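Following: one structure in structure tokens, then a few remarks.
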Amino acid sequence: MVEAQDKTPVLTVDGPGGSGKGTVARITAARLGWHFLDSGALYRLLALAAEKRGLSLDEAAPLAGLAKGLDVRFQGGEDGSEPAVWLDDEDVTDAIRTEACGSSASRVAALPAVRQALLARQRDFRQPPGLVADGRDMGTVVFPDAPAKVFLDASPEERASRRHKQLKEKGMDASLRDLVLEIAERDARDRARSASPLKPADDAVVIDTTHMSIDAVVAKVVALLAGAGFQDRMGP
Numbered sequence: 548m549v550e551a552q553d554k555t556p557v558l559t560v561d562g563p564g565g566s567g568k569g570t571v572a573r574i575t576a577a578r579l580g581w582h583f584l585d586s587g588a589l590y591r592l593l594a595l596a597a598e599k600r601g602l603s604l605d606e607a608a609p610l611a612g613l614a615k616g617l618d619v620r621f622q623g624g625e626d627g628s629e630p631a632v633w634l635d636d637e638d639v640t641d642a643i644r645t646e647a648c649g650s651s652a653s654r655v656a657a658l659p660a661v662r663q664a665l666l667a668r669q670r671d672f673r674q675p676p677g678l679v680a681d682g683r684d685m686g687t688v689v690f691p692d693a694p695a696k697v698f699l700d701a702s703p704e705e706r707a708s709r710r711h712k713q714l715k716e717k718g719m720d721a722s723l724r725d726l727v728l729e730i731a732e733r734d735a736r737d738r739a740r741s742a743s744p745l746k747p748a749d750d751a752v753v754i755d756t757t758h759m760s761i762d763a764v765v766a767k768v769v770a771l772l773a774g775a776g777f778q779d780r781m782g783p
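For the sequence shown, this note's numbering assigns the number 783 to the last residue and increments by one with no breaks.
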């Protein structure tokens with residue numbers, strides 16, 4: 548199985564929150580007929596599980612232990628929609644998408660032991676016919692051998708505006724001003740951490756999505772993958 552996984556193509560889609568990477572990765576995976584990995588959801592799930600158990604978000608050892616045995620399940624999403632997420636048989640799809648959970652996830656993600664504990668789990672998603680992996684270090688650390696890599700970015704103001712719209716659509720209260728500040732703080736923490744800092748892989752194609760529609764970004768990403776020679780591995 549390891550040999551088969553190693554030959555399975557991977558498209559990595561990295562970038563900061565609000566750059567559109569999650570939506571682009573999901574839709575691209577559905578269009579290609581490939582599997583999809585939302586690595587950020589794993590960190591959010593870990594943060595939520597830790598808080599439910601009363602664990603400190605700064606204690607690496609217990610968090611790493613929790614990460615290895617995390618009982619999670621993703622359901623649906625094959626059509627490019629957001630899949631339902633289950634933790635310990637509880638639907639936490641909305642709970643892990645709050646700004647508070649995102650901030651907590653950024654804290655636990657800064658711990659090297661936690662990242663190491665989740666590494667093998669993320670790599671297990673690499674299954675035929677292919678994988679689209681969304682995250683912050685997919686192309687630099689988790690799948691450094693991926694034949695196609697993109698890094699999506701956008702201005703902080705545009706990313707905050709997108710996040711504000713998402714939260715409003717889900718009926719959640721949000722302050723646009725607070726979101727701008729939170730995004731700036733999370734960016735600084737993610738880019739400065741010693742373990743897997745947020746940055747484009749040396750061989751990644753960087754795409755500024757500030758003034759691009761989701762469809763336009765997906766089209767560009769699919770074209771890049773086709774240009775990498777994987778037309779025969781892509782779905783209809």
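We treat Cβ as the ideally placed atom computed from N, Cα and C, and that holds for glycine.
Since the model is a prediction, treat every value here as computed from it, not as a measurement.
*asked:* Do V655 and L610 count as a contact pair if the criterion is CB distance below 9 angstroms?
replied: In this structure, L610 lies near V655, with their beta-carbon atoms less than 9 angstroms apart.
*Could you tell me if A763 is buried or exposed, where buried requires 16 or more neighbouring beta carbons within 10 angstroms of its beta carbon?*
Label assigned to A763: exposed.
*Taking only the alpha-carbon atoms, compute the straight-line gap between D561 and A748 and give it to the nearest angstrom.*
If you take the alpha carbons of D561 and A748, they lie about 9 angstroms apart.
*Residue range of the unbroken beta strand (DSSP E) whose run includes D755*: Per DSSP, D755 belongs to the beta strand (DSSP E) from 752–755.
*Exposed or buried, what is K599 when buried is set at 16 or more other beta-carbons lying within 10 Å of its beta-carbon?*
Per the 10 Å Cβ criterion, exposed.
*Is it buried or exposed for M719, if we count other Cβ within 10 angstroms and need 16 for buried?*
Exposed, since its Cβ has fewer than 16 Cβ neighbours within 10 Å.
*asked:* My assumption, with CB atoms under 8 angstroms, is that V639 sits in contact with L595. Please give the rounded CB distance.
replied: About 6 angstroms separates the two Cβ atoms, so the contact holds.
_Does K717 come out as helix, strand or coil in the three-state DSSP assignment?_
In the displayed model, K717 falls within coil according to three-state DSSP, outside both helix and strand.
*Have a look at A808 and G580 and give me their C-alpha separation to the nearest angstrom.*
Look at the range of the chain in this structure, 548 to 783, and you will see that residue 808 is not part of it.
*Report the rounded CA-to-CA distance for K746 versus D684, giving the unit in angstroms.*
Near 8 angstroms, if we compare the C-alpha coordinates of D684 and K746.
*Whole-angstrom distance between R670 and A751, CA atom to CA atom*: So the alpha carbons of these two residues sit roughly 19 angstroms apart.
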